[in-house]
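Residue numbers (this note's numbering): 7 to 242.
The block underneath contains the structure these notes are about, expressed in structure tokens.
What follows is the structure, encoded as structure tokens:
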């Protein structure tokens with residue numbers, strides 16, 4: 007079993023995160039990994055991540071696996087690594103985790119957008135190429151995984167969990183192209199964040215459960231049983 011969240015944006019939602027952790031504290035004893043689907047901090051404030059990790063470690067002693075979100079700025083990624091070396095950071099790569107069901111491959115990525123945001127288009131000249139290359143990288147990682155796989159992305163890997171957000175910006179929040187890859191390679195589950203206003207906590211994509219674990223959307227943490235592909239164990 008795993009526990010997952012995203013979009014803490016520390017210190018913005020730190021109090022909510024603390025309350026959510028207290029609510030699931032007893033269930034954490036049965037969890038084998040704590041997954042964070044990006045946006046740990048607000049606006050690249052690397053030092054604010056310490057509050058998040060310290061809270062987690064009060065209740066959970068297992069591996070913490072995190073990806074970066076759009077507010078965990080790329081230019082401070084090295085700082086995250088140096089300040090928090092005990093966190094397993096994934097960035098278009100993977101980590102193999104020994105679990106009760108056997109070895110599971112965790113693939114982590116910021117994800118891709120079908121249409122770059124106006125800010126990205128203005129400030130990152132090659133952003134379209136970056137997303138195209140990342141999409142290929144994610145597909146390669148899924149194709150070549152020899153183990154049951156969990157995919158963590160920050161941006162939504164489908165539009166189906168974006169209901170609640172304005173439809174006109176869905177292409178700037180997620181990717182239908184990645185949905186096609188998910189359906190093709192069928193990881194055990196996919197978790198994502200970014201959709202703060204998402205009203206659909208999970209969807210079934212041809213047998214693959216995709217979860218929006220954004221803290222502002224759920225206002226709680228989610229635990230997921232990996233033993234069954236299509237079973238949501240509990241929202242807590």
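All C-beta atoms, glycine included, are put in the ideal place defined by N, C-alpha and C.
Hey, how far is the Cα of residue i from the Cα of residue j?
{"i": "residue 5", "j": "residue 73", "result": "Residue 5 lies beyond the residue range present for the chain, which begins at 7 and ends at 242; the question has no answer from this structure."}
{"i": "residue 36", "j": "residue 7", "result": "7 Å"}
{"i": "residue 100", "j": "residue 197", "result": "15 Å"}
{"i": "residue 166", "j": "residue 81", "result": "31 Å"}
{"i": "residue 171", "j": "residue 162", "result": "12 Å"}
{"i": "residue 120", "j": "residue 71", "result": "26 Å"}
{"i": "residue 208", "j": "residue 193", "result": "15 Å"}
{"i": "residue 64", "j": "residue 213", "result": "35 Å"}
{"i": "residue 160", "j": "residue 217", "result": "11 Å"}
{"i": "residue 242", "j": "residue 230", "result": "Residue placement at residue 242 is poorly supported in this model, since its pLDDT is 44, which falls under 50; the coordinates still yield a value, given next. Using only the alpha carbons, I get a separation of about 10 Å."}
{"i": "residue 205", "j": "residue 223", "result": "7 Å"}
{"i": "residue 75", "j": "residue 189", "result": "23 Å"}
{"i": "residue 33", "j": "residue 39", "result": "12 Å"}
{"i": "residue 137", "j": "residue 211", "result": "22 Å"}
{"i": "residue 201", "j": "residue 181", "result": "13 Å"}
In this structure, what does DSSP give as the bridge partners for residue i?
{"i": "residue 169", "result": "171"}
{"i": "residue 105", "result": "108"}
{"i": "residue 155", "result": "111"}
{"i": "residue 129", "result": "DSSP lists no partner for residue 129."}
{"i": "residue 200", "result": "Answer by DSSP bridge pairing: none, since residue 200 is not bridged."}
{"i": "residue 214", "result": "211"}
{"i": "residue 29", "result": "Residue 29 is not bridged to any residue."}
{"i": "residue 12", "result": "220"}
{"i": "residue 65", "result": "The partner list for residue 65 (beta bridge, DSSP) is empty, contrary to what the question assumes."}
On the CB-based measure, 16 or more other CB atoms within 10 Å of its CB, does residue i come out buried or exposed?
{"i": "residue 174", "result": "exposed"}
{"i": "residue 53", "result": "exposed"}
{"i": "residue 199", "result": "buried"}
{"i": "residue 31", "result": "exposed"}
{"i": "residue 116", "result": "buried"}
{"i": "residue 176", "result": "buried"}
{"i": "residue 108", "result": "exposed"}
{"i": "residue 18", "result": "buried"}
{"i": "residue 29", "result": "exposed"}
{"i": "residue 127", "result": "exposed"}
{"i": "residue 139", "result": "exposed"}
Assuming residue i and residue j make a contact with CB atoms under 8 Å, what is their CB distance in whole Å?
{"i": "residue 10", "j": "residue 219", "result": "4 Å"}
{"i": "residue 12", "j": "residue 221", "result": "6 Å"}
{"i": "residue 1", "j": "residue 14", "result": "Lying outside 7 to 242, the shown extent of the chain, residue 1 is not represented and no answer is given."}
{"i": "residue 148", "j": "residue 191", "result": "4 Å"}
Cβ contact check for the segment 146-158 and the segment 100-120: 3 or more pairs under 8 Å: yes
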